[in-house]
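Below you'll find the structure, written out as structure tokens, and then a few comments.
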Amino acid sequence: MYNPARTFTPKIPGIMLAMVMGLSAAFISEHYGAPVMLMALLLGMSFNFMADAEKTGEGLEFSASTVLRIGVALLGVRITISSLTDFGWPILMLTACLVLAVISIGVIAGRLLKLPENMGLLAGCAVAICGASATAAVAAVLPKNQNTNRSVVFTIVGITAMSTTAMIVYPMIANWIGLDERQTGYFLGATIHDVAQVVGAGYGVSEYTGDNSTVVKLFRVALLAPIVFVLAIIFSRKEAGKSAVSRFPIPPFLLVFIALMMMNTMGWIPVAVVELIANVSRWCLVFAIAAIGMRTQLNKLKEVGMAPLVLLLVETVVMAVCGALLAYYFI
């Protein structure tokens, strides 16, 4: 007879270890201003020897996969469809085209540069959508192989560094090219990678700019659902082609993401509950990233080389230039 408690109990030590790493990362982030996702990743990597331990290995695998999916699913509660329409549908559609173009550049360039499988896709989604969160969401539907964790780690490290740089530099660029507060808000929201850095850059200019940048950024985050939806179908068909059994192509965590987004749009979720779920989502992602770091061997990262960083930089520049042009001519 199936016993859930007996199945889950061996995972507890590994889950607790991931939580300790995540909480430690949050402490460092709060006191020293470092990005919490990056701190979780680096702390986890420093304890990578724990991934092979008998007591913690199973729980770390659970944290890096199931807890990751839970965190991504709960991201949907941060979005309402009505909040995304302030700039009008034409400019939002142009923004969506920019997102798809950057992802396409990542996939094509990844193949040309002969990067590890799907690293170009991860890099493209990280730059185009929402940094570390998009990396985690896309990784949740990718076929697992020996390169998956390494690609995730490298992408998160690179994207966090570039996002932090953008938070400092992009407001100065906006001022230099003569964007007003509304245009600057669009530019920052359409081009900076992570939500936290968008908020920091936007509200650093003005409250009005911060509100506008957050709205545009949330539109990019909302694109995560349909893009992961399509990727899930594509990879499911590939896997089905390799075996006789075809599984349900749409991961349940994505359905939860969409359901929460719709419920929040309809106003069915109280504000206090929205904040609670958003915090749970954030902690799940921090714990999962710490577990991914612990399951990554540091000595294998050097095998990736400089090509992924060059790809991330090129995609970031393309995103910034196109975002500035859209802000200047269409806002």
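Sequential numbering from 2 applies to the sequence shown in this note's numbering. Even glycine gets a Cβ: it sits at the ideal position worked out from N, Cα and C. On a predicted model such as this, the values are computed, not experimentally measured, just so you know.
1) Tell me whether the beta-carbon of T317 lies closer than 8 Å to the beta-carbon of M163.
2) Looking only at its chain, what residues have a beta carbon closer than 7 Å to the beta carbon of V199, apart from the 5 residues adjacent to it on each side?
3) Is the beta carbon of M22 closer than 8 Å to that of A41?
4) Are there three or more Cβ pairs, one per stretch, closer than 8 Å when the region 319 to 330 is compared with the region 171 to 181?
5) Does the beta-carbon distance from G125 to V153 come in below 8 Å?
6) Evaluate S64 with the Cβ neighbour count: other Cβ atoms within 10 Å of its Cβ, from every protein chain shown; 16 or more gives buried, anything less gives exposed.
7) Hey, could you find the ends of the alpha helix (DSSP H) S105 is sitting in?
8) Distance check for L255 and V272, CA to CA, integer angstroms please.
9) Output the boundary residues of the alpha helix (DSSP H) element that contains I157.
10) Measuring straight from C-alpha to C-alpha, what distance separates R79 and T210?
11) Evaluate contact between the region 52 to 61 and the region 11 to 18, counting only Cβ atoms and requiring at least three cross-stretch pairs below 8 Å.
12) Just to confirm, is the Cβ distance from A97 to L224 under 8 Å?
13) Would DSSP call L116 helix, strand or coil?
14) Does the distance from the CB of L76 to the CB of S237 come in under 8 Å?
15) With distance defined between alpha-carbon atoms, name the residue in G324, V37 and F28 nearest to Q184.
16) With distances taken from CA atoms, which of V158, W269, A54 and L123 is nearest T136?
Looking at the atomic coordinates:
1) yes
2) L189, G190, I193, S214, T215 and K218
3) yes
4) yes
5) no
6) buried
7) Going by DSSP, S105 is part of the alpha helix (DSSP H) stretching over W90 to L113.
8) 22 Å
9) Here the alpha helix (DSSP H) through I157 covers T149 to W177.
10) 19 Å
11) Yes, since at least three Cβ pairs between the region 52 to 61 and the region 11 to 18 fall closer than 8 Å, the two stretches touch.
12) yes
13) coil
14) With respect to the 8 Å criterion, L76 and S237 are not classified as neighbours on the basis of their beta carbons.
15) G324
16) L123
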